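Chemist: Just dropping this structure here.
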Amino acid sequence: MSNLALLRLILLLSAITTCCCAVFSRKDMDATVPQIIASNGYPIEKHRVKTEDGYILQMHRIPAGKRSARRSNTYGGKGKRAVLIVHGLLGSSGDFVIMGPRNSLSYILADAGYDVWLGNLRGNMYTTHQNLTRNDPAFWDYSFHEHGKYDAPAMIDKVLNVTGLSKIFYIGYSMGTTTFFTMMSQKPEYNDKLIAFVALAPAVYIDNMKEISVFFLKSMDIATTLRQRGMLAVGLKQDIMDLVAENFCTAKNPDQDVCMRFIYAIVGEDYEQHNWVCNINYN
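Going by my numbering, the first residue of the sequence shown is number 91, and it counts up by one from there.
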């Protein structure tokens, strides 16, 4: 496979990974994470976090459950525990709300009495920079190292400062766990700021991964190929992502299985756990 052909495959995969459900509505596709949370009847707050190296991260807070009587800024009171949830590769805070109140981790925790904070790592649509634009190559000059050294500590400190708590829970999914492990290797003092760490699909080494997508990624220098073609980030424009989803990933589309095969090529096959009837949001 030529580098160009492989690049096209990677870009298609990166777009289709957003299509984790079979049925979506135009309303949900166009909504932001705060809008989706509010539409489900939960309180929502947006918080901005500035990292040491100038990135600005937007965090989404669900301070109480849908039926909670607490509707003030004192959610972090006695007995209230806060949890920070950090997404995986190509993800965002939206990953933890798209399955709805009955199945999304953020809603379940909020209804169980937790003060839920959804983080966003540099690079997704909810992050910017104080000096750089997304068209500046320097904006994209980072790796898992910066996620762990700057982003995670900044988000943890934000939660502690707003709530007044001394310790919180940290839940990471995939790259969100990589971020945690990196943070602890760089700033082990953050152990004292956490009650517990929960690693969902922890990712540190990929030697044992069998998915075909990982084989392709190992076979070439992705970063060099992208730079040679003037591409700063792996991803597609929103309208293209919408087009791909509508033509391959809806329940009534005969080609829906093609969509699922692309997804499973990256994350592994698990038909039993796949939700075929939920709404989807790409943001």
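All C-beta atoms, glycine included, are put in the ideal place defined by N, C-alpha and C.
Bear in mind that the values here come from a model prediction, so they are computed numbers and not experimental data.
(1) Quick one: grab the DSSP three-state call for His235.
(2) At which residues does the alpha helix (DSSP H) containing Met274 begin and terminate?
(3) Bridge partners for Tyr145 per DSSP, in chain order?
(4) Taking the DSSP output, what are the residues bridged to His150?
(5) Specify the secondary structure class of Arg351 as computed by DSSP and reduced to three states.
(6) Classify Pro344: buried if its beta carbon has 16 or more other beta carbons within 10 angstroms, exposed otherwise.
(7) Would you mind stating whether Met273 and Pro292 have Cβ atoms separated by less than 8 Å?
(8) Under the rule that 16 or more other beta-carbon atoms within 10 Å means buried, what is Arg157, buried or exposed?
(9) Express the C-alpha separation of Val139 and Lys239 in angstroms, rounding to a whole number.
(10) So, are the CB atoms of Pro124 and Asp205 less than 8 Å apart?
(11) According to the Cβ coordinates, are Tyr197 and Asn130 closer than 8 Å?
(12) My assumption, with CB atoms under 8 Å, is that Ala289 sits in contact with Gly262. Please give the rounded CB distance.
(13) List the whole-angstrom C-beta distance separating Ala172 from Val249, where the pair is believed to meet the contact cut-off of C-beta under 8 Å.
(14) Using only CA atoms, which one of Ala286, Lys283, Thr269 and Ile285 lies nearest to Tyr295?
(15) Any contact between the region 176-187 and the region 206-217? By contact I mean 3 or more CB pairs, one from each, below 8 Å.
(16) Classify Ser275 as buried or exposed, calling it buried when 16 or more other Cβ atoms lie within 10 Å of its own Cβ.
(17) Can Leu147 and Tyr260 be called in contact, C-beta distance under 8 Å?
(18) Anyone know if the C-beta pair for Gly144 and His219 falls short of 8 Å?
(19) What's the gap between the Cα of Phe229 and the Cα of Thr223?
(20) State the CB to CB distance for the pair Ser182 and Tyr216, rounded to an integer number of angstroms; the pair is presumed to be in contact (CB under 8 Å).
(21) Indicate, with yes or no, if the ligand FAD has a heavy atom lying under 7 Å from the CB of Met350.
(22) Indicate whether Gly178 and Met265 have their beta-carbon atoms separated by less than 8 Å.
(23) In the DSSP output, what is Gly262 paired with across the bridge?
(24) Around the C-beta of Ile246, are 16 or more other C-beta atoms found within 10 angstroms, so that it is buried, or is it exposed?
(25) Count the other CB atoms within 10 Å of the CB of Asp226; is the residue buried (16 or more) or exposed (fewer)?
(26) Which first and last residues belong to the alpha helix (DSSP H) in which Lys248 is found?
(27) Taking all protein chains shown into account, decide if Asp360 is buried (16 or more other Cβ within 10 angstroms of its Cβ) or exposed.
Modeler: Well, looking at it:
(1) Position 145 of the sequence shown, counting from 1, holds the residue named residue 235. Correct three-state label for His235: helix.
(2) The sequence position of residue 274 within the sequence shown is 184, counting from 1. Met265 to Gln276 is the span of the alpha helix (DSSP H), which, as asked, contains Met274.
(3) Within the sequence shown, the letter at position 55 stands for residue 145. Bridge partners of Tyr145: His219.
(4) As a working mapping, residue 150 is identified with position 60 in the sequence shown. According to DSSP, His150 bridges with Lys136 and Leu208.
(5) Here the question's residue 351 lines up with position 261 in the sequence shown. Reduced to three states, the DSSP call for Arg351 is helix.
(6) Locating residue 344 in the sequence shown gives position 254, where the first residue counts as 1. Answer is exposed; the Cβ neighbour count stays below 16.
(7) Taking the first residue of the sequence shown as 1, we reach residue 273 at position 183. Taking the first residue of the sequence shown as 1, we reach residue 292 at position 202. In this structure, Pro292 does not lie closer than 8 Å to Met273 by Cβ.
(8) Here residue 157 corresponds to residue number 67 of the sequence shown, with the count starting at 1. That one is exposed.
(9) The sequence position of residue 239 within the sequence shown is 149, counting from 1. The sequence position of residue 139 within the sequence shown is 49, counting from 1. Roughly 14 Å between the two C-alpha positions.
(10) Stepping through the sequence shown from its first residue, residue 124 is reached at position 34. Stepping through the sequence shown from its first residue, residue 205 is reached at position 115. It is not a contact, given that the beta carbons lie outside the stated cut-off.
(11) Locating residue 197 in the sequence shown gives position 107, counting from the first residue. Locating residue 130 in the sequence shown gives position 40, counting from the first residue. Yes, they are a contact pair.
(12) Here residue 289 refers to the residue found at position 199 when the sequence shown is read from its first residue. Here residue 262 refers to the residue found at position 172 when the sequence shown is read from its first residue. Right, the Cβ-Cβ distance comes to about 6 Å (below 8 Å), so this counts as a contact.
(13) Taking the first residue of the sequence shown as position 1, residue 172 is located at position 82. Taking the first residue of the sequence shown as position 1, residue 249 is located at position 159. That belief holds up - the Cβ atoms of Ala172 and Val249 are roughly 5 Å apart, short of 8 Å.
(14) As a working note, residue 295 is residue 205 in the sequence shown. Comparing Cα positions, the closest option is Thr269.
(15) yes
(16) Against the sequence shown, residue 275 aligns to sequence position 185. It is exposed - the Cβ of Ser275 has fewer than 16 other Cβ atoms within 10 Å.
(17) Start at 1 with the first residue of the sequence shown, and residue 147 comes out as number 57. Start at 1 with the first residue of the sequence shown, and residue 260 comes out as number 170. Going by C-beta atoms, Leu147 is not nearer than 8 Å to Tyr260.
(18) Within the sequence shown, numbered from 1, the residue matching residue 144 stands at position 54. Within the sequence shown, numbered from 1, the residue matching residue 219 stands at position 129. Yes, these two residues count as a Cβ contact at 8 Å.
(19) Indexing the sequence shown from 1 puts residue 229 at position 139. Indexing the sequence shown from 1 puts residue 223 at position 133. So the two alpha carbons sit approximately 7 Å from each other.
(20) Position 92 of the sequence shown, counted from the first residue, corresponds to residue 182. Position 126 of the sequence shown, counted from the first residue, corresponds to residue 216. About 6 Å separates the two Cβ atoms, so the contact holds.
(21) Summarising the ligand content, the structure contains no ligands, and the ligand FAD is consequently not present.
(22) Taking the sequence shown and counting its residues from 1, the one referred to as residue 178 is at position 88. Taking the sequence shown and counting its residues from 1, the one referred to as residue 265 is at position 175. A contact, by the Cβ cut-off of 8 Å.
(23) Looking up residue 262 in the sequence shown gives position 172. The partner list for Gly262 (beta bridge, DSSP) reads Val176 and Ala289.
(24) Your numbering for residue 246 matches position 156 in the sequence shown. That one is buried.
(25) Residue 226 sits at position 136 when you count from the first residue of the sequence shown. Asp226 should be labelled exposed.
(26) In the sequence shown, residue 248 corresponds to position 158, counting from 1. Counting along the chain, the alpha helix (DSSP H) containing Lys248 begins and ends at Ala242 to Thr253.
(27) Numbered from 1 along the sequence shown, position 270 holds the residue referred to as residue 360. Its Cβ having fewer than 16 others within 10 Å, Asp360 is exposed.
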